[in-house]
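Student: Below you'll find the structure I mean.
Number of protein chains: 2
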Amino acid sequence: MSVQIDALDRKILAALQEDASQSLDEIAKVVGSSKTPVWTRIRKMREAGIIGRQTVLLDAEALGLEACFFVLIRTSEHEADWQQKFLHALQTRPEVLEAHRLAGDIDYILKVRVPNARAYDRFYQALISEVRIHNVTALLSMEEIKSTTLLPIEDGAQENGNAP
Amino acid sequence: MSVQIDALDRKILAALQEDASQSLDEIAKVVGSSKTPVWTRIRKMREAGIIGRQTVLLDAEALGLEACFFVLIRTSEHEADWQQKFLHALQTRPEVLEAHRLAGDIDYILKVRVPNARAYDRFYQALISEVRIHNVTALLSMEEIKSTTLLPIEDGAQENGNAP
DNA sequence: ACGATATATAGGATATTTTCCTGTTTTTGG
DNA sequence: CCAAAAACAGGAAAATATCCTATATATCGT
């Protein structure tokens, strides 16, 4: 096992994802510790990959990205090289913000952010010309009710999935 | 109009969302400017809400959140107070990371992160006991192919949707 | 239960960075 | 083409990150 996360780590993670611009002293005060352990733990969790990218969330509309689509994809092809081409296409296109392979009759779901419906169509045409896809349904978002990167962190007693 | 974003602003935004821990001097060098204009522009874009939360992206699996569902919801009710109750339920539940109101025959889509399938069922039971919902389809993610908060920022010439 | 070793913690010193100020250059409008 | 305004570059003081040292806490074998 790489790193075991304890209650203090979880408090630090919660504070960090809430506001990563806080100083170590502020975080230390919030989590009830001092800056050295907070700093050491952050460094270790960064190295372990528990803490990933430090970023800033931007207003998509202000950047002219006014349309958001969820795309449900069914395919008949499940060969290795088809899948590889498909994955590569998704990963290189910056308008694809999320892509998941699913269980069930729908094979993939994408979240795509584009300036407008025309830009979505361009994306769609480019995608289906690049890889063969059986069936596509696009769901257009009318309203972003909620959008957060804040993961729910259990700060209570540690509930462990498997007994020790 | 609140703030007009120019090419330098876009470069700064791109640098920031790529790595928000960079110093002003580093960003200034990358975007080809000096720290004062970079700092002023960041401050203004923060105030204008173009730049939102500064955060850190965490590894959900490392935190024990191993299951991700996309939930497609159809409802027959479209009255104001039903909708308000529904929105409130979504916004207060931390396992709901995204919620969109859609155009078309599916009314809402949610993205839900939970420790496991049992936790999803608890969430689902709690939700349908709180608000009346006509039809629900849960899509289980088997693999997160891509997940990014990096919005595509056109750093070329400024393409404007409406003519001046 | 006790002591020896390992580990975590608190607070302080230095290097870096943010924040703001001052003088200069560039752009804009008449 | 000149005046007014805006943006810019670099520098100084305050705040912060990073690392060090000493102290406290926990762990393990006997």
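Here the protein sequences line up with chains P and Z, keeping their order. Residue numbers for the first sequence follow the numbering used here, beginning at 1 and rising by one. Residue numbers for the second sequence follow the numbering used here, beginning at 1001 and rising by one. Here a beta-carbon is modelled for each residue, glycine too, at the ideal position from N, C-alpha and C.
#1: Quick check on the DSSP output: the beta strand (DSSP E) that includes Z/LEU1072 runs from which residue to which?
#2: Let me see if you follow: with CB-CB separation under 7 Å, is P/ALA80 close to chain Z or not?
#3: With DSSP as the reference, label P/ILE133 as helix, strand or coil.
#4: Would you mind telling me which residues of chain Z sit closer than 8 Å to P/PHE70, beta carbon to beta carbon, in chain order?
#5: Quick one: is the Cβ of P/GLN125 within less than 6 Å of any heavy atom of the ligand ADP?
#6: Given a limit of 7 Å on CB to CB distance, which residues of the segment 7-31 of chain P reach chain Z?
#7: Going straight from the alpha carbon of Z/ASN1160 to that of Z/ARG1132, what length do you get?
#8: On the criterion of 16 or more Cβ atoms from any shown chain inside 10 Å, does P/LEU150 qualify as buried, or is it exposed?
#9: Using Cβ-Cβ distances below 9 Å, what residues of the segment 52-63 of chain P are close to chain Z?
#10: How many angstroms separate the CA atom of Z/ASN1162 from the CA atom of P/GLN4?
#11: Going along the chain, which residues of the segment 84-95 of chain P sit with their C-beta nearer than 7 Å to a C-beta in chain Z?
#12: Beta-carbon of Z/PRO1037 versus every beta-carbon of chain P: anything under 7 Å?
#13: Since Z/ARG1043 and Z/LEU1008 are thought to touch, with beta carbons under 8 Å apart, how far apart are those beta carbons, to the nearest angstrom?
#14: To the nearest angstrom, how far is it from the Cα of P/ILE51 to the Cα of Z/ALA1138?
#15: Among the candidates Z/GLU1154, Z/TYR1108, Z/ASP1025, Z/SER1021, whose CA atom is the shortest distance from the CA of P/PHE70?
#16: By the three-class DSSP mapping on this structure, what secondary structure does Z/HIS950 have?
#17: Closest by CA to Z/VAL1136, which one among Z/ASP1121, Z/GLU1026, Z/LYS1035?
#18: If you draw a straight line from the C-alpha of Z/GLU1077 to the C-alpha of P/GLN22, how long is it?
#19: Quick check: the Cα distance between Z/MET1142 and P/GLU79, rounded to an integer number of angstroms?
#20: Sort out for me which residues DSSP pairs Z/GLU1144 with in a bridge.
#21: Under 7 Å between beta-carbons, which chain Z residues line up against P/GLU144? List them in chain order, please.
#22: Do the segment 100-116 of chain P and the segment 53-71 of chain P meet, that is, are 3 or more Cβ pairs less than 8 Å apart?
#23: Could you give the DSSP three-state label for Z/ALA1138: helix, strand or coil?
#24: Mind pulling the chain P residues with CB within less than 9 Å of Z/ILE1133?
#25: For the segment 1022-1062 of chain Z, list the beta strand (DSSP E) runs that are entirely contained and at least 3 residues long, ordered along the chain.
#26: Between the alpha carbons of Z/LEU1140 and Z/ASP1025, how many angstroms are there, rounded?
#27: By the 10 Å Cβ neighbour count, where 16 or more other Cβ atoms means buried, how is Z/ILE1153 classified, buried or exposed?
#28: Would P/LYS11 and P/VAL31 qualify as a contact pair, given that the criterion is a beta-carbon distance under 7 Å?
#29: Report buried or exposed for P/THR55, applying the criterion of at least 16 other Cβ atoms within 10 angstroms of its Cβ.
#30: Taking a cut of 8 Å between CB atoms, which residues from the segment 114-133 of chain P lie near chain Z?
#31: Quick one: does P/THR75 have its CB under 7 Å from some CB of chain Z?
#32: Please identify the residue among Z/HIS1088, Z/LEU1063, Z/GLN1017, Z/THR1075 whose C-alpha is closest to the C-alpha of Z/HIS1134.
Tutor: This is what the structure holds:
#1: Z/LEU1072 -> beta strand (DSSP E) spans 1067-1074.
#2: Interface residue (Cβ-Cβ distance to chain Z less than 7 Å): P/ALA80 is not classified as such.
#3: DSSP places P/ILE133 outside both helix and strand once states are collapsed to three, so it counts as coil.
#4: Proximity of chain Z to P/PHE70 at the Cβ level (cut-off 8 Å) is accounted for by PHE1070, HIS1100, LEU1102, ILE1109, in chain order.
#5: By its list of ligands, the structure shown contains no ligand whatsoever, and the ligand ADP lies outside what it can speak to.
#6: Of all residues in the segment 7-31 of chain P, only LEU13, LEU16, GLN17, ASP19, ALA20, SER21 come within less than 7 Å of chain Z when Cβ atoms are compared, listed by chain position.
#7: Residue confidence is low: Z/ASN1160 scores 40 on pLDDT, short of 50, so the model does not pin down where it sits. Its coordinate-derived value is still stated next. Between the alpha carbons of Z/ASN1160 and Z/ARG1132 lies a gap of roughly 43 Å.
#8: It counts as exposed.
#9: In summary, the residues of the segment 52-63 of chain P whose CB is separated from some CB of chain Z by less than 9 Å are GLY52, ARG53, GLN54, THR55, VAL56, LEU57, LEU58, ASP59, ALA60, ALA62, LEU63, in the order they occur in the chain.
#10: Low per-residue confidence applies at Z/ASN1162: pLDDT is 35, beneath 50, and the placement is therefore not dependable, though the value from the model is reported in the following sentence. Near 53 Å, if we compare the C-alpha coordinates of P/GLN4 and Z/ASN1162.
#11: Answer in chain order: LEU87, LEU90, GLN91, PRO94, GLU95.
#12: Contact of Z/PRO1037 with chain P is not assigned, every C-beta pair being separated by 7 Å or more.
#13: So it is not a contact: roughly 14 Å between Cβ atoms.
#14: Their backbone Cα atoms lie some 29 Å apart in a straight line.
#15: Closest option to P/PHE70, Cα to Cα, is Z/TYR1108.
#16: What the structure shows of chain Z is the stretch from 1001 to 1164, and residue 950 of chain Z is not part of that stretch, so it cannot be assessed.
#17: With distances taken between Cα atoms, Z/VAL1136 lies closest to Z/ASP1121.
#18: Roughly 43 Å separates the two Cα atoms.
#19: Looking at the two C-alpha atoms, the distance is approximately 17 Å.
#20: Beta-bridge pairing links Z/GLU1144 to P/HIS100.
#21: Going along chain Z in sequence order, the residues near P/GLU144 (Cβ under 7 Å) are HIS1100.
#22: As far as the Cβ criterion goes, the segment 100-116 of chain P touches the segment 53-71 of chain P, which means the pair count is three or higher.
#23: Of the three classes helix, strand and coil, the one that applies to Z/ALA1138 here is strand, per DSSP.
#24: The contact set of Z/ILE1133 on chain P, defined by CB atoms closer than 9 Å, is empty, because the minimum CB distance reaches about 15 Å.
#25: Restricted to the segment 1022-1062 of chain Z, the beta strand (DSSP E) segments that are unbroken, complete and at least 3 residues in length are 1051-1058, listed in chain order.
#26: CA-to-CA, the gap between Z/LEU1140 and Z/ASP1025 works out to about 44 Å.
#27: Z/ILE1153 should be labelled buried.
#28: The Cβ-Cβ distance between P/LYS11 and P/VAL31 falls below 7 Å.
#29: Residue burial is scored here from C-beta neighbours: P/THR55 has at least 16 other C-beta atoms within 10 angstroms and is therefore classed as buried.
#30: Considering only beta carbons, the part of the segment 114-133 of chain P lying closer than 8 Å to chain Z consists of PRO115, ASN116, in chain order.
#31: Between P/THR75 and chain Z, the shortest Cβ-Cβ separation is not below 7 Å.
#32: Considering only alpha carbons, the answer is Z/THR1075.
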